[in-house]
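Taking it in order: structure first as C-alpha cells, then the write-up.
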Amino acid sequence: MPHLWIFDVPSQRCLLDRSVEDCRRAMAVAACSFFFLLLIQTSVSSASLDRRRTIVEVEGGPDGVVWVVQLSDLHFSVFHSERAVDFKRFIGPALSMINPALVLITGDLTDGKSKDLLTMKQEEAEWIEYQNVTEDVIMRSGLDKKVFYDVRGNHDSFGVPDFGGEYDFYSKYSINARLKRDGNVQSVTLQYKGWKHLFVGVDSFMEIGLRGPTNLFGHLTDELLSDLDKELGQWDARSTESITKISFGHFPLSFTATTVTGKNIKDVFLKHSLSAYLCGHLHTRFGKNLKRHHVESTGTYYQLNMHQGNPSYKNNENCSANAEFSKEFWEWEIGDWRRSRSMRIVAIDSGHVSFLDLDYHLGSKDTIILPTFPLDSRFMHRISSPRDFQCLSKEISSFETVRTLIFSRRVIVSVSLKIYDSRSGHFHLVLDQEMIKLKANETRGDMYVAPWNWRAFIDPSPDRFLLQIVATDISGKYTYSQPRPFSINGLTAYANWNWKEFFVLGVQWAALYQPLLHFLLTLLFTLLLIPQTFLIFSKNHTTYNNNNRAGSEEKSFSACFVDTGIFVLVELCRMTEIWWGILLYLLYLVFFPWFFGHVSTEDGKLSYMTQRGWSVSPSKSGSQNVYIGVPDIMVIVLPHLGFVVLPTVLVLGAIVAEARAYRAHLHSLSGKKEDDHYKERKRYVKFRSFSDAFGIWSRRWIRKLLFIICLLILWKHWKQCRALVKAYDMNPFVHSPVYCFWIPLSLAYTIYRTSAHVK
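Numbers 0 to 758, taken from numbering that gives the first Met the number 0, label the letters of the sequence shown in order.
Here it is in C-alpha cells:
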C-alpha cells in the first residue's frame, strides 16, 4: 500500500512483534495523531491571523466617505512635559470634533533620550506618561479604544535587547499591547456599502534594539514581507468589491533597508497598487513637502524629484474590469508632534484619497475644512487617475458634485465653493456657488456638496484651476481652505523638493551605504599608495626646488591646483613615519573594531562595532556572533571617514609640504646650500625677518590656516567621540583608544616634526 510509506519502519517492527490486526490499529492511531497535530497547527495559524485582522462595519453617514486621523513622532519626554500636556489638551477635543473611523499613531511614541540628547535608552516614566495621556485622550474623544493603533518607532526600541522582555516597554504600555495585538503586522478593514478600505500597519524594527545613533533605519525580513503581502492581499479574491489599500508605519522608504535576500517593501506596495503609505520619522525641520510618488522605474539610489519616472499610459484605453491595476503608490510623511504639533486627516471618498495636514502649534482649530473631490492635482496617481477619467471607472455620480468635509465646534451657517482660473497669471474667480449640507446623513460628520459642470474644467494644464472652500460659522467667523490646484482629467501638477527634502526622502540611504563606504576607502588608499608608488619607481624625484616658478605662473589655475595636490601627497610620502601611521590606521579601520560599547540596556555585556556593523550574539543564535545595524552605523562610519580621516590625510600632507617649501624658501634667502653654515643662515634669516615689513610669520599664513583647519578637525572628532562615549557607556582609554586618540596624536606629532624640521 503506497499511502502507508510514512509508517514503513513502525510497520516492520509491528509485523515482527504483533499480529496484523495490532499493526493496523497502531498505524491508524499514528495517522490520527498526525492529522490531529496538523489540525492544531492550522487552528493556531488561523487564530494568529484573526488576532491581527479586524473588520469594522462603518455605520451612518455621510455616504461613500470614511476618514482617519494620523499622528506621529510624539516623543513624550521626562525633560519636555509640554509635549504630553499639549497632546492631552488638543488631541482629545479634536478627535471628538473630527470623529474619525481610525486613529493611527505611527511611531516614536516616547523620546528615549537624555537631556543632552546623547544617551539613548528606554525610560519607563515616559511610557507610563504615554499610557496615562492616551487613556485620557481616548476618554475625551468619546471614541472606542479599539480604533486606535500605535506602531513602534526607532526611539521606542532604543536599547531593547529582547522584544517582549523586561526593557520592552512598548509591549507593556502601548495601545496595541493593551489590546493584546501582537505581531509586526496589523490590519483593519473599514466596510461601508460595497466599499472596503484596508489599512495595514507594519513594525519594521531590528531583532535587537540598538542604542542610538545606530538605530535609524527600518529593518525588514522575508517573513515580515510575506505577512505584509498576505494582509494586503486578503480581499483580492473578491474582485467584485471595490478596495482601497493604505499602509502605515514609522520608517519612510528612504530609511528602510532591504532583507538579507535583497527584497524590499516597495515591491510589495507596488504589487498591491497601494493608494498611499503613511509614515513618520522625518520631522518637519527637513521640510513640509515630504511626499514621494513611487513607480517601478524609480531609481535604486535616488529619486531627483517628487514625481520622477515617466508615467506609463499603457492600457489606458482598456476599460475592462479585468484590466491590470497600475503599479504605483504615494508615500506621505507627516510632520512631527514633537515640535510642529502636526496632525493629519486622511479621507477616502468613493475611492478618491485626499489628506489635510493641521498645525496645532498655534492652538486648537474651531473649524476644519477637508475637500474630498476634486483631488489635489499635485498628489494624484499619475497612471490610474487619467485612466479613471478616460474610462470613468468610478461611478459617474462622483464627478457630478464638489464635496467637502467640515468639522466645527460652532454651528456652520454657510459654505461657499470658489474656483479660480490662473491661466492669465492672475486669479480670476470663475465659479462662486453655495454648497448644501447633506441632511439626515450626518451621524459621523458633515458633508457639503455643490453640483457643477465638471466637463467645463477639463484642461490640459493640471494647475490652471484652483479650488477653495469658505465656511462661515454662527459667530460670523470665516474659515478658508488652502487654495489648491485640481485636474478633472487626472493630469498631475508638478511639485518639487527643496534640497533638504531631497536629501532625506529622495536619497535611498540604505542602498548607498556600501557604495559610499567603498568609495571613501578606495579614495583614502589611493591618496596614500599611488604617490608612494610614483615616488618609488620614478627616476626623477621632482622636488620643490626643481619647480620652475616662471613656468608655474603661466599654467592655468586647474593645472597649478593639480600640481600642488601632487606635491602635497608626494611630500607626505617622504615623511615615512607619518605615512606609515596613516596607512596602518586605515587598515585598522577596515579589519578591526572601532570601539567597544554597551549596545543595549539590559546587561553589562560589551559589543564591538566595525564598518560591517555591531558584533552581537542574539539569544536565538546561541554563541554565534552576527553583525547587525547595517546601514544604521553609517551615521558613525561615513562622517568619520569623510569629515575626519580624509581631511586629516590632506592636512597632514599639506603641513609637511608647507614645511618643505618653507625650508626651500630659507635656502633661497640665504643663497647657500642646505648643509652650509647653518647658524650663519639662521642669523641672516632672523635679521631679514625683523627687517622685512611682512616678516616670516606673515609669509607663513598657509601654516596658520592649516592650524585652524586642524582645530576644526579636532573639534569635529571630539564631538563624535563624546557622543559615542555617552551613547554606549564606554571608556575611551580602554574601549576605543585607537579610534579616539590616533587623529589628535597624528596631528600633534606632524606639527612638532615639521616645526623641528625647519629650525
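Idealized CB from N, CA, C, for every residue including glycine.
Excluding sequence positions up to five away, which residues of its chain have a Cβ less than 7 Å from the Cβ of residue i?
i	result
Gln507	Ser253, Thr299, Tyr300 and Tyr301
Cys739	Cys720 and Pro731
Val146	Ala100, Leu101 and Val102
Asp348	Gly63, Val64, Thr371, Phe372 and Arg402
Gly232	His271
Arg463	Asp420, Ser421 and Arg422
Glu56	Gln190
Buried or exposed for residue i, going by 16 or more other Cβ atoms inside 10 Å?
i	result
Tyr798	Lying before the first or after the last residue shown, residue 798 is absent from the chain, which here runs from 0 to 758.
Ser42	At Ser42, the pLDDT of 42 sits below 50, so the modelled position is not reliable; the number obtained from the coordinates is stated separately. Counting Cβ neighbours within 10 Å, Ser42 comes out exposed, since fewer than 16 surround it.
His525	It should be noted that the sequence gives Thr, not His, for residue 525. Result: exposed.
Tyr493	exposed
Ser376	buried
His427	exposed
Gly279	buried
Gly424	exposed
Lys326	buried
Asp181	exposed
Trp717	exposed
Ser241	exposed
Arg12	Low local confidence applies: a pLDDT of 43 at Arg12 is under 50, so the model's placement there is unreliable, with the coordinate-based value given in what follows. Under this definition Arg12 is an exposed residue.
Glu122	buried
Leu710	exposed
Glu570	buried
Ala124	exposed
Asp815	Residue 815 lies beyond the range of the chain shown here (0 to 758); nothing can be said about it.
Gly128	This sequence places Glu at residue 128; Gly is not what is there. Flag for Glu128 reads buried.
Val150	buried
His517	exposed
Leu303	exposed
Leu108	buried
Gln185	buried
Gln130	buried
Tyr479	exposed
Asp431	exposed
For a test of your reading of the model: does the CB of residue i fall under 7 Å from any non-hydrogen atom of the ligand GTP? Yes or no.
i	result
Ser616	The ligand GTP is not part of this structure, which contains no ligands at all.
With a CB to CB cut of under 6 Å and the five nearest residues on each side skipped, what residues in its chain are close to residue i?
i	result
Leu374	His351 and Ser353
Phe824	No answer is possible for residue 824: the residues shown for the chain start at 0 and end at 758.
Lys725	Leu117 and Thr118
Val636	Gln610
Phe398	Trp453
Ala653	Val567 and Leu705
Ser599	Gly158 and Pro160
Trp613	Val598, Ser606, Ile627 and Gly628
Please look up how many angstroms separate the CB atoms of residue i and residue j, rounded, as I've assumed it's under 8 Å.
i	j	result
Gly334	Lys499	With 8 Å as the limit, Gly334 and Lys499 do not qualify as a contact, their Cβ atoms being about 14 Å apart.
Ser246	Leu273	6 Å
Ser170	Phe162	7 Å
Pro450	Thr400	5 Å
In chain order, what residues of the same chain have a beta carbon less than 8 Å from the beta carbon of residue i, not counting five sequence neighbours either side?
i	result
Ile457	Ile487 and Asn488
Arg409	Asp365, Thr366, Asp472, Ile473, Ser474 and Lys476
Lys262	Leu219, Asp221 and Leu224
Asn497	Gly286 and Asn288
Leu585	Leu520, Leu523, Phe524, Leu527 and Val644
His282	Asp72, Gly334, Asp335, Arg337, Arg338 and Ser339
Pro514	Tyr300
Thr260	Asp221
Val136	Phe86, Lys87, Ile90, Gly91 and Leu94
At a Cβ threshold of 8 Å, is residue i touching chain B?
i	result
Ala124	Absent from the structure is chain B; it holds one protein chain and no more.
Open item on the list: Quick test of the definition: if touching needs 3 or more C-beta pairs under 8 Å, does the segment 112 to 121 touch the segment 343 to 361?
Closed with: Here the segment 112 to 121 makes no contact with the segment 343 to 361; the two share fewer than three CB pairs at distances below 8 Å.
- [ ] Kindly provide the ranges of any beta strand (DSSP E) runs that are 3 or more residues long and lie completely inside the segment 114 to 183, ordered along the chain.
- [x] Within the segment 114 to 183, the complete beta strand (DSSP E) runs of at least 3 residues are 147 to 150.
TODO: Run through the segment 395 to 473 for me and flag every whole alpha helix (DSSP H) of 4 or more residues, listed as ranges in chain order.
DONE: For the segment 395 to 473, the continuous alpha helix (DSSP H) assignments of 4+ residues that do not extend past its boundaries occur at 396 to 399, in sequence order.
Open item on the list: If we require 4 or more residues per run, which alpha helix (DSSP H) segments fall completely within the segment 205 to 274?
Closed with: With a minimum length of 4 residues, the continuous alpha helix (DSSP H) runs that stay inside the segment 205 to 274 are 221 to 231 and 264 to 270.
Task: Touch test, the segment 253 to 273 against the segment 328 to 335, Cβ-Cβ under 8 Å, three pairs minimum - done: The segment 253 to 273, when compared against the segment 328 to 335, does touch it at the 8 Å Cβ threshold.
Open item on the list: Which runs of the beta strand (DSSP E) at least 3 residues long sit entirely within the segment 568 to 618? Give them in chain order.
Closed with: For the segment 568 to 618, the full-length beta strand (DSSP E) segments reaching 3 residues or more read 594 to 596, 606 to 609 and 612 to 615 along the chain.
Open item on the list: Contact between the segment 436 to 449 and the segment 50 to 67 is defined here as three or more beta-carbon pairs at a separation below 8 Å; is this criterion met?
Closed with: Touching, yes, given that three or more Cβ pairs across the two stretches are closer than 8 Å.
Open item on the list: Quick test of the definition: if touching needs 3 or more C-beta pairs under 8 Å, does the segment 575 to 587 touch the segment 520 to 535?
Closed with: Flag = yes, the segment 575 to 587 and the segment 520 to 535 touch.
- [ ] Examine the Cβ distances between the segment 561 to 580 and the segment 621 to 639 and report whether three or more of them are shorter than 8 Å.
- [x] Counting Cβ pairs under 8 Å, fewer than three are found: no touch.
Open item on the list: Is it the case that the segment 208 to 222 contacts the segment 187 to 200, given that we only count it when at least three CB pairs across the two stretches are under 8 Å?
Closed with: No, the segment 187 to 200 is not in contact with the segment 208 to 222.
- [ ] Report yes or no: do three or more beta-carbon pairs, one from the segment 89 to 98 and one from the segment 64 to 79, lie closer than 8 Å?
- [x] They touch, by the three-pair rule.
TODO: Could I get the ranges of all uninterrupted beta strand (DSSP E) runs contained in the segment 478 to 545, with 3 residues as the minimum, in chain order?
DONE: Runs of the beta strand (DSSP E) inside the segment 478 to 545: 483 to 485.
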